[in-house]
Amino acid sequence: MAWLAALAAIAGGPPAIAQPAGEAPFGPRIVIEAIEVHGNTVTAERLIRRALPVRPGDEVYAGDPRLRDARLRVLALGYFRSVELSLRRGSARGRVVLVVDVQERGTLVLNHIFLGTSEAVPYWAGVDLGDRNAAGTGVEVGGGFVWAGAADVPGGDRQLAASLRVGAAAIAGSRLGAHGAAWYADATEPYRVRGASDDADPALFAALPYTRAGVAAGALVDLTALSALTVDAGVERIDADVPAAPVRTEPDGTTRPIDLGLRDGVSYQTSLTVGFDRDTRPDPILPYGGYRITALGRIASTALGGDYDYASLLARYERWFPVGSVRHVVSVHVTGGVVVGDAPRFERFYAGDLNRLLTPRALGLVLSTRPTLDVFGTSVDDDPFGDVAAVVEVQYARRLFRRGAPIYGGDLFVTAGVFALAGRDQPDRSALPVDAIVDAGLRLDTEIGIFELTVGNGLGRVPL
Numbered sequence: 003m004a005w006l007a008a009l010a011a012i013a014g015g016p017p018a019i020a021q022p023a024g025e026a027p028f029g030p031r032i033v034i035e036a037i038e039v040h041g042n043t044v045t046a047e048r049l050i051r052r053a054l055p056v057r058p059g060d061e062v063y064a065g066d067p068r069l070r071d072a073r074l075r076v077l078a079l080g081y082f083r084s085v086e087l088s089l090r091r092g093s094a095r096g097r098v099v100l101v102v103d104v105q106e107r108g109t110l111v112l113n114h115i116f117l118g119t120s121e122a123v124p125y126w127a128g129v130d131l132g133d134r135n136a137a138g139t140g141v142e143v144g145g146g147f148v149w150a151g152a153a154d155v156p157g158g159d160r161q162l163a164a165s166l167r168v169g170a171a172a173i174a175g176s177r178l179g180a181h182g183a184a185w186y187a188d189a190t191e192p193y194r195v196r197g198a199s200d201d202a203d204p205a206l207f208a209a210l211p212y213t214r215a216g217v218a219a220g221a222l223v224d225l226t227a228l229s230a231l232t233v234d235a236g237v238e239r240i241d242a243d244v245p246a247a248p249v250r251t252e253p254d255g256t257t258r259p260i261d262l263g264l265r266d267g268v269s270y271q272t273s274l275t276v277g278f279d280r281d282t283r284p285d286p287i288l289p290y291g292g293y294r295i296t297a298l299g300r301i302a303s304t305a306l307g308g309d310y311d312y313a314s315l316l317a318r319y320e321r322w323f324p325v326g327s328v329r330h331v332v333s334v335h336v337t338g339g340v341v342v343g344d345a346p347r348f349e350r351f352y353a354g355d356l357n358r359l360l361t362p363r364a365l366g367l368v369l370s371t372r373p374t375l376d377v378f379g380t381s382v383d384d385d386p387f388g389d390v391a392a393v394v395e396v397q398y399a400r401r402l403f404r405r406g407a408p409i410y411g412g413d414l415f416v417t418a419g420v421f422a423l424a425g426r427d428q429p430d431r432s433a434l435p436v437d438a439i440v441d442a443g444l445r446l447d448t449e450i451g452i453f454e455l456t457v458g459n460g461l462g463r464v465p466l
């Protein structure tokens, strides 16, 4: 993100508060006499006030970093299209009123539309909906489902997945939040048993039937105005019908065993997950500056009462740079992850989740047999699952417009990069298994969420 113009002004000065990011506090000391909030018609005022890093009675420098970060912290709630802060002269010299003007956005969000067809699945359909500020209380509720027709794979059947979630970013005005989730999936997942790696014919696959149902709950702690830590515990029941000794027959007639990543019959996964998020973007929806760092570490163990022992780490760094003006933005996105141990297959990295040109998993369901293109000839198409993954993308975005509801803004973008994916069952190779990523399209910020109309989105929903 562009480093934010920070808030700094003296009492009685111009309404805008400004200070370069990262600069030490400067200016005269002032007392926050009162805080006024304007523009909130649905959101409870207490939610805005408790997100602010200052309180009435606080004595601060006019250039205090807390004022600099206040706008971002309120924006991070996700309830507002814009947030503007200003200082107004108070009742006496050296005393000011902090004025917060907000423009609310719709809180009912359409997170995902699951709709498409592929070589293996005749159709799938579903949605994921959420209300990120239910009745203006700051409580987020949401859920999704997807239904897929019987796969044209030997042993294939209809598939179903559903999820529910609830959370509160702050409890009683504290830095502590809480959240929980529940999910269910009934899958018949395709896996290759013969044929060349680039052949998507469903007849070359077999179906792995399994169900999974789980719950998770955890806490969120605000470390700073722009950083948060999450801790979650989860338990999941898995019931799989795993063949005794699955093998894959290569085009030359040789065979090799397949690790399907699940235990036959009923098994359990118990896990602890720790996450970190730091976000300095001035606009988290259509960014034009700043950066975001996220990391997620998970450990599952028989010592916790489950049947799987593994650890995983996934980290992502993103940064946005305005070029000349905020109408032209170049961004860099770097993701890397590793899984160590005997993780269930649905906890491993999947090519469709890394490559924009493929069909991603829908609430955990695999809906396509199409492999990645493997344009560099590194056999990255050998197995869609892997234990080590990396993605590097560079994106250019051109601002088209910003306006009021129902469509707040739109950007044209083009992106290019590479991804790498390596798995435990893939044959030895001298070259790193990588492939190219390209995409282009239109990104819209609307009253009901973000929509991307892109080449990759279209290709992932139809058979080729």
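Just add 2 to the spot in the sequence shown (first one is 1) and you have the working numbering. Don't be surprised by glycine CBs; every beta carbon is placed ideally from N, CA and C. These figures come from a predicted structure and were not determined experimentally.
For the beta strand (DSSP E) containing residue i, name the first residue and the last one.
i	result
Arg-363	Unbroken run through Arg-363: none, as it is neither H nor E.
Asp-355	First-last for Asp-355: 353-356, but that is the alpha helix (DSSP H), not the beta strand (DSSP E).
Tyr-319	312-325
Ala-136	Segment: none, Ala-136 is in no beta strand (DSSP E) and carries neither H nor E.
Gly-419	409-424
Gly-292	292-302
Leu-89	82-91
Glu-38	31-40
What are the boundary residues of the alpha helix (DSSP H) that residue i is part of?
i	result
Arg-57	Counting along the chain, Arg-57 falls outside any alpha helix (DSSP H), and DSSP gives it neither H nor E.
Asn-459	457-461
Leu-69	67-77
Looking at residue j and residue i, is the spacing between their C-beta atoms short of 8 Å?
i	j	result
Gly-179	Leu-222	yes
Arg-196	Arg-134	no
Gly-412	Leu-446	yes
Arg-329	Arg-400	yes
Ser-370	Ser-120	yes
Leu-264	Ala-242	yes
Phe-415	Ala-442	yes
Val-98	Arg-90	yes
Ala-353	Tyr-310	no
Leu-77	Ala-227	no
Ala-37	Arg-51	According to the sequence displayed, residue 37 carries Ile and not Ala. Contact flag set, yes.
Phe-378	Phe-351	no
Asp-383	Asp-376	yes
Pro-435	Ala-418	no
Pro-204	Ala-170	no
Asp-285	Asn-357	no
Pro-362	Gly-462	yes
Ala-317	Gly-338	yes
Pro-156	Ala-202	no
Val-168	Val-143	yes
Ile-131	Leu-117	The question names Ile, yet the displayed sequence has Leu at residue 131. Taking 8 Å as the Cβ cut-off, Leu-131 and Leu-117 do not qualify as a contacting pair.
Ile-452	Ile-287	yes
Val-332	Tyr-290	no
When DSSP builds the beta bridges, which residues end up paired with residue i?
i	result
Gly-236	Ala-218, Ser-273
Ser-165	Gly-146, Trp-185
Glu-121	None, per the DSSP bridge assignment.
Pro-259	Val-249
Ile-50	DSSP, once it has assigned bridges, lists no residue as partnering Ile-50.
Tyr-193	Ala-208
Ser-229	Arg-280
Phe-403	Gly-412
Leu-178	Val-223
Leu-112	Leu-131
With a threshold of 6 Å on Cβ separation, who are the neighbours of residue i within its own chain once the five nearest residues in sequence on each side are excluded?
i	result
Ala-218	Ala-183, Asp-234, Gly-236
His-335	Glu-320, Glu-395
Ala-46	Gly-138
Asp-224	Arg-177, Ala-230
Pro-124	Gly-151
Pro-211	Thr-190, Asp-243
Gly-458	Arg-358, Leu-359, Asp-441
His-40	Asp-103
Asp-279	Ala-230, Thr-296
In chain order, what residues of the same chain lie with their CB nearer than 8 Å to the CB of residue i, ignoring the 5 residues before and after it?
i	result
Asp-389	Val-340, Val-341, Val-342, Ala-345, Arg-350, Phe-351, Ala-424, Gly-425, Arg-426
Ile-173	Gly-179, Ala-180
Quick one: residues in its chain with C-beta nearer than 7 Å to the C-beta of residue i, no 5 flanking neighbours on either side, listed in chain order?
i	result
Ala-433	Thr-380
Pro-465	Thr-119, Ser-120, Glu-121
Thr-448	Pro-408, Ile-409, Tyr-410
Stretch pair the stretch 55-71 + the stretch 139-156: three plus CB contacts closer than 8 Å: Because the criterion of three Cβ pairs below 8 Å is not met, the stretch 55-71 and the stretch 139-156 do not touch.
Three-pair Cβ contact test at 8 Å for the stretch 70-88 versus the stretch 29-36: no
Inter-stretch contact (C-beta, 8 Å, three-pair minimum) for the stretch 287-306 and the stretch 264-278: yes
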